[in-house]
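**Student:** One structure coming up, written as structure tokens, with questions to follow.
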Amino acid sequence: MKSKARAAKESKKSFSKAQEVLYLQDFKRANKIAKHSSKNSL
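First residue of the sequence shown: 117, per my numbering; consecutive thereafter.
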């Protein structure tokens, strides 16, 4: 029972970590696009 709860907690942790990574990738991509578009508008 204890190990099941621990496993759930671990998977939740790794899931949030994956979400964080995806968010950072999106953020970088958005930054790149923003820089690119601002360069074009200048």
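Note that beta-carbon positions come from the ideal geometry of N, C-alpha and C, so glycine has one too.
Every value quoted in this text rests on a predicted model; they were computed, and no experiment measured them.
1. Rounded to whole angstroms, what is the Cα-Cα separation between Ile-149 and Lys-125?
2. What is the rounded straight-line gap between the Cα of Ser-153 and the Cα of Asp-142?
3. Cβ-heavy atom distance between Leu-138 and the ligand ATP below 7 Å?
**Tutor:** According to the structure shown:
1. Translated into the one-based positions of the sequence shown, residue 149 becomes position 33. Translated into the one-based positions of the sequence shown, residue 125 becomes position 9. Going by the C-alpha atoms only, they are around 36 Å apart.
2. For this step, residue 153 is matched to residue 37 along the sequence shown. For this step, residue 142 is matched to residue 26 along the sequence shown. Going by the C-alpha atoms only, they are around 16 Å apart.
3. No copy of the ligand ATP occurs in the structure displayed, which carries no ligand at all.
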